[in-house]
Amino acid sequence: MTPSPPRLTDAGPGTSVAWQEAVDEPLSERLLDDREREVRDAVRRIVAAEVAPRALGLDRTHAFAEDGYQALAGAGLAGLLFPTELGGSGDSTVAYAAAMEELTAACPSTSMIYMTQTHAAYPIWLAARPEVATAIVPQLVDGRAYGSLGITEPNAGSDVSSLRTTAREVQDGWQLSGSKTFITTGDRADVIVCFATTDRSAGRSGVTAFVVDGNADGVEHGRPLDKMGLHASSTAELFLDDVHVPTAHRLGELGGGWDVLLSSVVKSRISAAAQGVGIARGAYVRTLALLQERHGGRLPQEVAFALAELRGAILEGRLLLLTTAREVDRALDPPTADIAVMKQRCTDLGFRAALAAVRLLGPVGDLADTGVERYVRDAKAAQIYDGTNEIQRLLVARDTHRRTEELRP
Ligand SMILES: Cc1cc2nc3c(=O)[nH]c(=O)nc-3n(C[C@H](O)[C@H](O)[C@H](O)COP(=O)(O)OP(=O)(O)OC[C@H]3O[C@@H](n4cnc5c(N)ncnc54)[C@H](O)[C@@H]3O)c2cc1C
Numbered sequence: 078m079t080p081s082p083p084r085l086t087d088a089g090p091g092t093s094v095a096w097q098e099a100v101d102e103p104l105s106e107r108l109l110d111d112r113e114r115e116v117r118d119a120v121r122r123i124v125a126a127e128v129a130p131r132a133l134g135l136d137r138t139h140a141f142a143e144d145g146y147q148a149l150a151g152a153g154l155a156g157l158l159f160p161t162e163l164g165g166s167g168d169s170t171v172a173y174a175a176a177m178e179e180l181t182a183a184c185p186s187t188s189m190i191y192m193t194q195t196h197a198a199y200p201i202w203l204a205a206r207p208e209v210a211t212a213i214v215p216q217l218v219d220g221r222a223y224g225s226l227g228i229t230e231p232n233a234g235s236d237v238s239s240l241r242t243t244a245r246e247v248q249d250g251w252q253l254s255g256s257k258t259f260i261t262t263g264d265r266a267d268v269i270v271c272f273a274t275t276d277r278s279a280g281r282s283g284v285t286a287f288v289v290d291g292n293a294d295g296v297e298h299g300r301p302l303d304k305m306g307l308h309a310s311s312t313a314e315l316f317l318d319d320v321h322v323p324t325a326h327r328l329g330e331l332g333g334g335w336d337v338l339l340s341s342v343v344k345s346r347i348s349a350a351a352q353g354v355g356i357a358r359g360a361y362v363r364t365l366a367l368l369q370e371r372h373g374g375r376l377p378q379e380v381a382f383a384l385a386e387l388r389g390a391i392l393e394g395r396l397l398l399l400t401t402a403r404e405v406d407r408a409l410d411p412p413t414a415d416i417a418v419m420k421q422r423c424t425d426l427g428f429r430a431a432l433a434a435v436r437l438l439g440p441v442g443d444l445a446d447t448g449v450e451r452y453v454r455d456a457k458a459a460q461i462y463d464g465t466n467e468i469q470r471l472l473v474a475r476d477t478h479r480r481t482e483e484l485r486p
């Protein structure tokens, strides 16, 4: 007999702090130091109270997940990677990864907003003049302003060298014109880190990054695109028509946009990988709780085995995420191939684990009220953004080729 759909509270089973603690793995816990665990636990408490109860409703209404994000920002937990003088808490990449996993497990959409604030602030911190960073980064960290990272265009995403948004030098700065698409939080961005070309014939070397005031004359924000998942995070087009950007708002060197991008994607790929692990964990723990409700604690052996498989895969993913994040904290320039392996494996894990969770629940897994099918929809995009997983495989293949080339007979 097909079981009737479970009666759910808003947050649903498996979302409480006690459930999260019950699925913590001693092995990966040992990779966190005391401060990192403290940050993770603080995020966990706010997520249980402010994010998890809203997640299913937001997925249905497509409303922007503002409240959960603002709760984290209000608690000083949305600027983990930034120094205290810029309003952040100066925490490690490992703490950030653990926080992102925690948040994503409850609501991948809220994690999109949270990480995009960091992705917009990070290149500003890295490459802006100190007075520009001091003026802008704190607003992105405490939630007063929303930020976007504007790279993708209708004809350029994976291939950044074919950007068509142009930057033309004028007397007291730059004028930017062009359009961007698939920009997270683009519908409301107050701050846009925008990549534009000053010389299309120069390819990548012609690309420069700028901080654009999202409320300046000539900026038009498109409406949110209707996506398969991540319904409570907006993704929009942006149109720039002779937008004036002051000289001081250029990021890094003229033609140095590619370097700014490369330095920033290390953190954004940590974000995507943490989302993959978080989605897998969220789907797993909710499914475990539902199956225990259904079977009264005595799980059929094939179900227990499938859950054991999932638990092992999630632990593998988290170990890869946290050890790579630790390397990022130790080395300023971690190997591109390591980052690529982590991003691809962890985001593929998220999609596979979400599918496996739905399969385990049978028809109930297909119901929106169960709160598991949304993880499949939400997981898909993480395999696409921050460099598609095909591009990550390409980077790994190139690295393999480079390392073995001279061994060829
Ligand atoms: C939900 C969501 C949020 C996003 N947020 C942002 C954002 O905030 N800012 C931003 O700038 N962008 C954002 N993006 C855009 C995203 O980063 C790009 O869509 C992605 O990088 C792919 O680029 P593209 O769109 O040009 O696709 P394409 O490069 O045209 O890719 C199409 C397909 O071809 C494959 N492909 C491309 N090149 C190769 C190759 N050399 N070898 C093998 N396969 C290849 C790709 O893997 C993909 O499967 C977002 C996308 C989504 C879905």
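The numbers in the sequence shown follow the working numbering, run straight up by one, and end at 486. Glycine residues also receive a C-beta, built at the ideal position from the N, C-alpha and C atoms.
Annotation for Ala-417: Gln-469, Leu-472 and Val-473 place their beta carbon closer than 7 Å to its own, counting only its chain and skipping 5 residues before and after. Taking the Cβ of Thr-242 as the reference point, every heavy atom of ligand 1 lies at 7 Å or farther away. The nearest non-hydrogen atom of ligand 1 is 7 Å or more from the C-beta of Ala-431.
For Ser-348, same chain residues with a beta-carbon under 6 Å away, outside a window of 5 residues either side, are Met-177 and Met-192 in chain order. Not a single heavy atom of ligand 1 lies less than 7 Å from the C-beta of Asp-455. Around Asp-264, the same chain offers His-298, Gly-299, Arg-300, Pro-301, Ser-311 and Ala-313 as residues with beta carbons nearer than 8 Å, after the five sequence neighbours per side are excluded. Of all alpha-carbon atoms in Glu-115, Ala-129 and Arg-112, the one lying nearest the alpha-carbon of Gly-359 is that of Ala-129.
Just measuring C-alpha positions, the residue of Pro-412, His-308 and Asp-336 sitting nearest Tyr-452 is His-308. When the beta-carbon positions are compared, Gly-91 and Val-362 come within less than 8 Å of each other. With a cut-off of 7 Å, the C-beta of Ala-205 is classified as distant from ligand 1, since no heavy atom of the ligand falls inside that distance. Only residues of its own chain outside the window of five on either side were considered, and among them Asn-466, Gln-469 and Arg-470 have a CB closer than 7 Å to the CB of Gln-421, listed in chain order.
In its chain, beyond the 5 residues on either side, Val-116, Ala-119, Val-120, Ile-123, Ser-166 and Ala-176 have a beta carbon closer than 8 Å to the beta carbon of Leu-154.
Ranking Phe-141, Ala-88 and Ala-172 by CA distance to the CA of Asp-111 puts Ala-172 first. Ranked by how close their Cα comes to the Cα of Val-214, the residues Gln-194, Ser-341 and Ala-148 have Gln-194 in first place. With a beta-carbon spacing of about 15 Å, Leu-253 and Val-337 fall beyond the 8 Å limit used to define contacts.
Contact check for Gly-333 against Thr-285 passes: the beta carbons are separated by less than 8 Å. In this structure, the alpha-carbon of Leu-387 lies about 12 Å from that of Val-100. With fewer than 16 other Cβ atoms inside 10 Å of its own Cβ, Ser-278 counts as exposed. For Ala-125 against Ser-169, the beta-carbon gap comes to about 23 Å, at or over 8 Å, which does not count as contact. Taking the C-beta atoms as reference points, Ala-390 is found nearer than 8 Å to Ala-430. The alpha-carbon of Val-343 is positioned some 14 Å away from that of Trp-202. For the 8 Å CB-CB criterion, Ala-222 and Phe-287 do not form a contact. With contacts defined as CB atoms closer than 8 Å, Gly-291 and Val-268 qualify as a contacting pair.
Counted as a single uninterrupted DSSP element, the stretch harbouring Gly-164 is not any beta strand (DSSP E), since DSSP gives it neither H nor E. Listed by position along the chain, the residues with Cβ atoms less than 5 Å from a non-hydrogen atom of ligand 1 are Leu-226, Ile-228, Thr-229, Gly-234, Ser-235, Phe-259, Ile-260, Thr-261, Thr-312, Ala-458, Ile-461, Tyr-462, Thr-465 and Glu-467. A straight line joining the alpha-carbon of Ser-105 with that of Arg-436 spans about 27 Å. The criterion of a C-beta distance shorter than 8 Å is satisfied by Leu-392 and Glu-102. Annotation for Val-270: no alpha helix (DSSP H) segment contains it, though the beta strand (DSSP E) segment containing it runs 268-274. In chain order, Ala-142, Tyr-146, Thr-262 and Ser-310 place their CB closer than 7 Å to the CB of Ile-190, counting only its own chain and leaving out the 5 sequence neighbours on each side. Pairing Ala-459 with Thr-424 gives a Cβ-Cβ distance under 8 Å. Counting other Cβ atoms within 10 Å of its Cβ, Val-289 reaches 16 or more and is therefore classed as buried.
Take Lys-304, set aside five residues on each side of it, and the residues of its chain with a beta-carbon closer than 8 Å to its own are Thr-312 and Ala-458, in chain order. Residue range 466-481 is occupied by the alpha helix (DSSP H) that includes Ile-468. CA-CA distance, Ser-235 to Thr-481, rounds to 26 Å.
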